[in-house]
Each structure stands twice: as C-alpha cells, then as structure tokens.
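Chemist: Under UniProt numbering, the letters of the sequence shown match residues 1 to 350, in that order.
Even glycine gets a Cβ: it sits at the ideal position worked out from N, Cα and C.
All figures in this text were calculated on a predicted structure; none of them were measured in a lab.
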Amino acid sequence: MTEIFSTFGLMKILRFLLFPFAILYDLIISIRNFLFDVNILRSISFDIPVIAVGNLSVGGTGKSPQIEYLIRLLKNEHKVAVLSRGYKRKTKGFQLVNSTHSAEDVGDEPLQFFKKFDNVTVAVDANRTNGIQQLLKLVDPPEIILLDDAFQHRKVKAGFYILLTKYDDLYVNDFILPAGHLRESRKGAKRANIVVVTKCPQNLSDTEQNKIIKKLNLKSNQKVFFTAIDYDKKLKGSGEISIENLKNKEIVLVTGIANPTPLLNYLSEENINFTHLKFPDHHNFTSEDISRIHTVFNGIESEEKILITTEKDYVRLKDKVANISYIAIKSIFLTDEKLFVFEIQEFIKK
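#1: Starting from G131, follow the beta strand (DSSP E) in both directions and report where the run begins and ends.
#2: So what's I4 in DSSP terms, helix, strand or just coil?
#3: Drop a sphere of 10 angstroms on the beta-carbon of T198, count the other beta-carbons inside from all chains shown, and report buried for 16 or more, exposed for fewer.
#4: Rounded to whole angstroms, how far is the Cβ of E250 from the Cβ of E304, which I believe are closer than 8 Å?
#5: So which of I212, K330, N33 and F175 has the shortest CA-CA distance to D230?
#6: Hey, how far is the Cα of K219 from the Cα of I162?
#7: State the DSSP-derived secondary structure class of H294, mapped to helix, strand or coil.
#8: On a Cα-Cα basis, can you pick out the residue from S185, I344 and S99 that is closest to residue 351?
#9: Using the C-alpha atoms, what's the distance from L182 back to N55?
#10: Quick one, which of I212, K349 and L177 has its alpha-carbon nearest A22's?
#11: Using the C-alpha atoms, what's the distance from F274 back to S242?
#12: Output the boundary residues of the beta strand (DSSP E) element that contains S268.
#13: In angstroms, rounded to a whole number, what distance separates the CA positions of G59 and A258?
#14: CA-CA distance, V254 and I308?
#15: Can you tell me which of the three DSSP states L334 falls into?
#16: What separation, rounded to the nearest whole angstrom, lies between the Cα atoms of residue 357 and A52?
#17: Given the structure, does V58 come close to the ligand PLP, in the sense that its CB is under 7 Å from one of the ligand's heavy atoms?
#18: What is the DSSP secondary structure of V97, counted as helix, strand or coil?
#19: Using 10 angstroms around the beta-carbon of L235, count the other beta-carbons present and answer buried if the total reaches 16, otherwise exposed.
#20: Helix, strand or coil: how does DSSP classify K115 here?
#21: For D108 and S84, what's the separation of their Cα atoms in angstroms?
#22: What is the residue span of the beta strand (DSSP E) that L164 lies within?
#23: So F279 and G256 are supposed to be a Cβ contact under 8 Å. How far apart are they, rounded?
#24: If contacts are defined as beta-carbon pairs under 8 Å, then L277 and I293 qualify, I think. What distance do you get, rounded to the angstrom?
#25: Short of 6 Å in beta carbon distance, which residues of its chain neighbour S64, apart from the five on each side in sequence? Order them along the chain.
#26: Is the beta carbon of D140 sitting closer than 8 Å to the one on K233?
#27: According to DSSP, what are the bridge partners of K278?
#28: Would you say A328 and E346 are within 8 Å of each other, going by their C-beta atoms?
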C-alpha cells in the first residue's frame, strides 16, 4: 500500500513539473487547430466517403479492432481501402501493401489488415493527402477510404470522424502531453461525429454508461457508443487449440502492444497460467529478442507448453519464431449497434 501511495505521489510531482511544457504544447496545437478551423491552413476534401478513426490520447484505444469492424461492415457492398501511416516501418512514402511486404516494410497493423481481408486495398503513407490521391489513381480505385489513426491529420478533411476513448482511461480524465497522454486538448473531441468508448466490461450497466455520457458532455448532434473486446475461443497461427485446452499447459505469452492488461486479465479469468514477455508497442523484434523468447520457452521442461502472442505481434514474429500462435480479437457493441451501422450507412449515402 505504501508503494502505491509513493508511486501516486511521484506521478503527481512529475505532472506538476511537466505542466508548463504541457501548457506550451497545448498552445501550439490550439493555434494549429484554430488556423485549420478558419481555413488559413487548408484542409483538402475528397469526392468519395472518407472515414477517419483515431483518438486524442497516445495509443492503446483499440483502433485496429474498430477499423476491422468497419471493413467487415462495408467490404461486401463497397470497394474499401485502408490508409495508415505505417507506424515504425522502414520504408518511406506511399506503399501499396502486397504479399511480398513484411511488417518492417509497411507496419504491423496494415500488414494484418492485408492478410486478414480479401478484396480490400491497404496502403501506407505518412502524407494522407498524397496517400488518398495515389489510391484514387489506381486502375480499380476504392469507393470508401478508412483513415487509420488520422484524427489529428487536419490536412485531410474527412467526411466522418470516429473518436475512440478507452473505458478506464477516458480523455476527459487525462492531461495533454507531456504531463499526460493527450495529443491535443479535450476540445478536439468536438470534431467527432461519433465517440466510441472502447474496451468496456461486457456487463457494463446502462447506469454506468449514462454516467460516462454525462462526463463526456458532448454536443447534441454527437453520439456515444460502447464496445468491448471479444477474444476468439480458438488460437490461430501455427496451432489451432481452444482456449479451454490452454488451462492444462505451460504458456509463454509475448506482447508488443501499448496496453496488454485486458489480455492478461482475460487469460487470468480463464484460469490460464502464463509467463509474460512484454515488449514496447509496435516493437521490431531483434535477434536478441528472439533469443530471449527461445530461452524462456525452451527453459520450460514440460512438454505441454505453447508459445502465443497477439494478432498484431504475430505478423512480426511468424517468420522469426517457429510454432507460435495468436489470440484474435474483435470489437463488439454492448448496445445500439444498429444505430451505429445506420449512422455509417447514412453518411455513405450522402
């Protein structure tokens, strides 16, 4: 208990010391947003539906599951393209993801989208304006473009904005960088058409939802939805084994994501014992990292042992580590899913 209070006190002191820098950062970002709002800095619009998915905070809000939800929703009726910056990739400029690319070439999430969904175009470009222009020049151009992690990319004016905020770390409870984790102030939420509270408990009550809606204090034309993470009941990858059968095995879990806590909690709730090797978000695994993974895994004497990872990490590890499987996830709506679908479809019709 003393350690908890000591950590909490240290965080308060650190935030106090960083607060002047946060004010300066907020001023710079606010001026930039104002210049875009009054059209001194120009935003470019496009003649096809562009849906931007993003957040106000740094990482870990569940953008990938939300993008995948939209892909599933739209891909059977429309030609869909996903445009990402390709975080931590080693290439530059516009890249149209293909089967020869690795996660180092285009980023782990874009490669995951490409491998997971047929007939969906996936591209990366830090310059989203150029990326959209290149997509529209294709022989078979998309009819809808999903912008991954583009809420702050003001040079493109998307037609529809989906803002994500995590249930246990709402942006209204956070501070701007570097005192907190917000990329811009809470006022940025006014640009959102929809706010999705992600990674909620699946039994979140209506009363609790209403409390959060009140706390977010959005405009009357903005809608709030609540989603949770749902884990597949069977591993994929090198071996397909049910989650239930993991209870009798020795598990080594490798993660390189922003917030592995929900996955750790899920495995614990399923009474699965595991050794956790944690790496930074979007980590490019080195030969030393691979050796460490092998050392820990081979150090377990039991023959009933399995090496597992997340779906995002799998695309970076599958060619480096033999016999590794992953737990796939998806986003599920707690309530009002039909209303969410209606909002997206109405935007596309317009």
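Modeler: With the structure as the only source:
#1: Element bounds for G131: not the beta strand (DSSP E) but the alpha helix (DSSP H), R128 to L136.
#2: With a pLDDT of only 45 at I4, under 50, the local geometry of the prediction cannot be trusted, and the value read off the model is given with reservation. If DSSP states are grouped into helix, strand and coil, I4 belongs with the helices.
#3: buried
#4: 6 Å
#5: K330
#6: 14 Å
#7: helix
#8: The question about residue 351 has no answer here: the residues shown for the chain are numbered 1 through 350.
#9: If I take the Cα positions, the gap works out to 9 Å.
#10: L177
#11: 16 Å
#12: It is not in any beta strand (DSSP E) - S268 instead sits in the alpha helix (DSSP H) that spans T261 to E269.
#13: 6 Å
#14: One C-alpha to the other measures close to 6 Å.
#15: Coil.
#16: Nothing can be reported for residue 357: it is not among the residues displayed for the chain, which extend from 1 to 350.
#17: Among the components of this structure there are no ligands whatsoever, and the ligand PLP is therefore not found.
#18: coil
#19: buried
#20: helix
#21: 11 Å
#22: F160 to K166
#23: 4 Å
#24: The Cβ separation is near 6 Å, so the contact holds.
#25: E109
#26: no
#27: T255
#28: Against a cut-off of 8 Å, the Cβ pair of E346 and A328 comes out as no contact.
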